[in-house]
Every structure is written in C-alpha cells, then in structure tokens.
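Reading through the structure tokens given below for one structure.
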Amino acid sequence: MKTYLKDLVEINSTKKSRRFAYFIQFLIIFSVITFSIETLPDLKPQTRVVLKAIEAFSVIIFTFEYLARIYVADSKPKFVFSFFGIVDFLAILPFYLSFGIDLRSLRLLRMFRLFRLFKLVRYNKAMHHFAKAMKLAKEQIILFMIITLMLIYFAAVGIYYFENEAQPEHFSSIFSSLWWSIVTLTTVGYGDVYPITVGGRIFTFFILMIGLGIVAIPTGIISSSLTKAVEPHDDEKEDKLK
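Once you know that position 107 of the sequence shown is 106 in numbering that gives the first Met the number 0, the rest is easy, because the numbers rise by one and skip nothing.
The following block contains the structure:
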C-alpha cells in the first residue's frame, strides 16, 4: 500500500503518477476559479450550494494528498515543516476551521485558500526552475531588501525636513512621509502627495533616479539566477537522479 501511494503522489515517470499530477493541477485551478465566483454578488442559493459542494470535494482530495504525502515521506516532520508541507496544510485549513469559526468574521483565513496556487509549483518544471533561482539568489535578495528598507527610511526623513513646514498635513512626521517614500522609490507616483518646495523637488529627483535602479536590480539578480537554474547540465543531473 505504501509503495503504491508513494508511486502515485510523488512525481515520477509512471503513467498513474502523471495522471494524478494532472488531476491535482486541474483541481487547483478549478477550485481557485470557484473561489473567485463565490465573491460575485447576488448569486442564487442553488449556485452557492454547488460551489460549496465543489469546495468540499476539492478539500477531500487535497486532504487525501496531504495525508498520503505524510504517510510515504521518509522523514515525516521534515515534510510537514517543508515549504510544500506548509502550503498543503494552509490550502485545506480554512475549510476545516469554518466548522468552528464563522469565516465571515475572520475573512483573512479565507485567503489561505489561495495557497493552493503554490501547490502548482510542485508539478511545473518551469516553476521548479524559478524556485531554484530564488534559492540561488536568496542572499542577494535579502541584501537588496535590507538596502531598500534603509533607502525608504532615508527618503522619508529627507522629504520630511524639506516639506514639513510647507505641507504639515501630508508630512506631519517621518511615519506619514513613509507613504511618499515608498511610492516614489518604487516609481509608482500616485500623485496624491508631492513636494512643492524647491529643495523637496530636487531631493525627489535624486530619489526617483535611485528608484529606477531599485526596480532594475532585482530583475538582474533573478535573471542571472534563472540562467544558472536552467543550465543544460543541471537538467541532465536531475534526470539522472530520477
């Protein structure tokens, strides 16, 4: 029984494993679509009943998959606390919590159903490459995030001292200036808050130049890591391991 389940739920070259993988991928996408349909206003009661039945069926299958993976895992604690183990658990958690908690009063828990999308990573080779690239670039991305947070704070402090007297309603403190700092450094620029002093505008020009660089840096880091992740010899090694 354990051998059969292991061949079924773990990705390999067998026909039954591929069929199960395709079925789970279809069910993930279908359940996410039904989750979106549930948000439509004025749905008929009959439609809601059908959607709930689809949700229940999906959760039963996902629960079977989750328990089966725990059962066949060589190290059960390692799987449970792994990325995919946590994703599988969070994908089914809202359904079971709904029996004891009114999710209308705790709407954030319903968003956990979106973790089902992350389950697709397990079955998609391109997503595997992306996950591998993110792992390769982990240190660079963490360093980039730290530097970005420092720059956001620096920009908030700078614009506060330039614009506080001229626009106390928008730049009343460094904390209130953080919104301007974030939208400026990310080059979004909603236009709801902007400098009106000469010093503030000059400072904003330099912050915008830095913001352009901030947008480009992670793109280069991830692109380089993706190139390494999909190198032919890596794919050959993976095939040999299989």
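Just so you know, even glycine gets a beta-carbon here, dropped at the ideal spot from N, CA and C.
- Non-local beta-carbon contacts of Phe94 in its own chain, meaning distances under 7 Å to residues more than five positions away in sequence, involve Glu54 and Val58 in chain order.
- As summarised for the stretch 121 to 192, the continuous alpha helix (DSSP H) elements at least 4 residues long and confined to that stretch are 124 to 135, 137 to 162 and 173 to 184, given in chain order.
- For Gly210 against Thr185, the beta-carbon gap comes to about 6 Å, under 8 Å, which counts as contact.
- Note on geometry: alpha-carbon atoms of Pro194 and Ile181 lie some 14 Å from one another.
- Non-local beta-carbon contacts of Ala154 in its own chain, meaning distances under 7 Å to residues more than five positions away in sequence, involve Ser180, Thr183, Leu184 and Ile206 in chain order.
- Excluding its 5 nearest sequence neighbours in each direction, Ile60 has C-beta neighbours in its own chain below 7 Å: Leu26, listed in chain order.
- The Cβ atoms of Ser176 and Tyr159 lie closer than 8 Å to each other.
- In the DSSP assignment, Glu64 falls within the unbroken alpha helix (DSSP H) covering Pro44 to Val71.
- Exposed is the label assigned to Val214, since fewer than 16 other Cβ atoms lie within 10 Å of its Cβ.
- At the C-beta level, Lys118 and Ala72 stay beyond 8 Å of one another.
- When DSSP states are grouped into helix, strand and coil, Thr38 belongs to the coil group.
- With contact defined as three or more Cβ pairs closer than 8 Å, the stretch 139 to 158 and the stretch 215 to 224 are in contact.
- Per DSSP, Ile195 lies in no alpha helix (DSSP H) segment and is marked neither H nor E.
- The three-state secondary structure of Met208, taken from DSSP, is helix.
- CA-CA distance, Phe204 to Gln166, rounds to 18 Å.
- Ile173 is positioned such that its CB atom lies closer than 8 Å to that of Val156.
- When DSSP states are grouped into helix, strand and coil, Phe98 belongs to the coil group.
- Counted as a single uninterrupted DSSP element, the alpha helix (DSSP H) harbouring Thr2 occupies residues Lys1 to Val8.
- Around Asn163, the same chain offers Phe170 as residues with beta carbons nearer than 6 Å, after the five sequence neighbours per side are excluded.
- With contacts defined as CB atoms closer than 8 Å, Ile221 and Ala130 fail to qualify as a contacting pair.
- Counted as a single uninterrupted DSSP element, the alpha helix (DSSP H) harbouring Phe117 occupies residues Arg115 to Lys118.
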